[in-house]
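Numbering (numbering that gives the first Met the number 0), first residue to last: 0 to 70. Yeah, the Cβ is synthetic: ideal placement off N, Cα and C, and Gly gets one too. Working notes for the structure below.
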Amino acid sequence: MGTKPEIIKLSPIIHQLDKKNSFVIFTGQHYDYNLSLQFIEELDIRKPDYWMELTKSNPSLQIGEIITKNF
(Lines of atoms letter the chains of each structure in order from A and count residues from 1; the text may use other names and numbers.)
(Lines give C-alpha, C1' and ligand atoms only; values in the text may rest on other atoms or scores of the structure.)
Protein backbone atom coordinates (compact mmCIF):
# COMPACT_ATOMS: atom_id res chain seq x y z
CA MET A 1 0.00 0.00 0.00
CA GLY A 2 1.15 3.52 -0.55
CA THR A 3 -1.73 5.99 -0.73
CA LYS A 4 -4.57 6.93 1.63
CA PRO A 5 -7.24 5.30 -0.57
CA GLU A 6 -5.16 2.09 -0.71
CA ILE A 7 -4.83 2.04 3.07
CA ILE A 8 -8.60 2.39 3.44
CA LYS A 9 -9.47 -0.17 0.75
CA LEU A 10 -6.89 -2.73 1.87
CA SER A 11 -7.64 -2.56 5.59
CA PRO A 12 -10.17 -5.46 5.61
CA ILE A 13 -7.82 -7.57 3.49
CA ILE A 14 -4.86 -6.85 5.76
CA HIS A 15 -6.95 -7.90 8.77
CA GLN A 16 -7.64 -11.23 7.05
CA LEU A 17 -4.01 -11.66 6.01
CA ASP A 18 -2.96 -11.17 9.63
CA LYS A 19 -4.39 -14.64 10.23
CA LYS A 20 -1.81 -16.02 7.78
CA ASN A 21 1.93 -15.70 7.45
CA SER A 22 2.13 -12.38 5.59
CA PHE A 23 3.84 -9.02 5.63
CA VAL A 24 2.82 -5.48 4.73
CA ILE A 25 4.88 -3.16 2.55
CA PHE A 26 4.30 0.58 2.53
CA THR A 27 5.62 2.11 -0.68
CA GLY A 28 5.18 5.70 0.45
CA GLN A 29 4.01 6.86 -2.97
CA HIS A 30 2.40 9.92 -1.38
CA TYR A 31 4.73 9.87 1.54
CA ASP A 32 3.65 11.68 4.65
CA TYR A 33 4.61 9.41 7.50
CA ASN A 34 2.37 11.03 10.12
CA LEU A 35 -0.71 11.19 7.92
CA SER A 36 -0.29 7.62 6.71
CA LEU A 37 0.40 6.36 10.21
CA GLN A 38 -2.75 8.14 11.42
CA PHE A 39 -4.86 6.20 8.89
CA ILE A 40 -3.12 2.95 9.76
CA GLU A 41 -3.80 3.46 13.46
CA GLU A 42 -7.41 4.60 12.98
CA LEU A 43 -8.18 1.53 10.86
CA ASP A 44 -6.45 -0.71 13.40
CA ILE A 45 -4.00 -2.03 10.82
CA ARG A 46 -0.66 -3.28 12.07
CA LYS A 47 2.27 -1.10 11.12
CA PRO A 48 3.92 -2.11 7.85
CA ASP A 49 6.82 -4.51 8.08
CA TYR A 50 8.70 -2.56 5.42
CA TRP A 51 8.67 1.19 4.69
CA MET A 52 10.11 1.86 1.22
CA GLU A 53 10.11 5.68 1.42
CA LEU A 54 10.16 6.26 -2.33
CA THR A 55 11.60 9.58 -3.41
CA LYS A 56 10.45 9.72 -7.04
CA SER A 57 7.10 11.22 -8.03
CA ASN A 58 6.85 9.72 -11.53
CA PRO A 59 5.28 6.21 -11.43
CA SER A 60 7.84 4.82 -13.90
CA LEU A 61 10.71 6.12 -11.78
CA GLN A 62 9.04 4.71 -8.66
CA ILE A 63 8.98 1.24 -10.21
CA GLY A 64 12.67 1.55 -11.02
CA GLU A 65 13.38 2.68 -7.48
CA ILE A 66 11.44 -0.29 -6.04
CA ILE A 67 13.43 -2.70 -8.20
CA THR A 68 16.81 -1.20 -7.30
CA LYS A 69 16.01 -1.11 -3.57
CA ASN A 70 14.94 -4.75 -3.50
CA PHE A 71 17.22 -6.59 -5.90
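Paired residues, beta bridge with Phe25 - DSSP: What you label residue 25 is simply residue 26 of the sequence shown in a count that begins at 1. According to DSSP, Phe25 bridges with Trp50.
The alpha helix (DSSP H) enclosing Lys8, as first and last residue numbers: As a working mapping, residue 8 is identified with position 9 in the sequence shown. It spans Lys3 to Leu16 - the alpha helix (DSSP H) in which Lys8 sits, taken as one unbroken run.
Neighbour-count burial assignment, Gly27, 16 or more Cβ in a 10 Å radius: Here residue 27 refers to the residue found at position 28 when the sequence shown is read from its first residue. With 16 or more other Cβ atoms within 10 Å, it is buried.
Backbone secondary structure at Ile44 - three-state DSSP: Within the sequence shown, numbered from 1, the residue matching residue 44 stands at position 45. DSSP places Ile44 in the coil class of the three-state scheme, outside both helix and strand.
Backbone CA spacing between Tyr49 and Phe25 [nearest angstrom]: Taking the first residue of the sequence shown as position 1, residue 49 is located at position 50. Taking the first residue of the sequence shown as position 1, residue 25 is located at position 26. Their backbone Cα atoms lie some 6 Å apart in a straight line.
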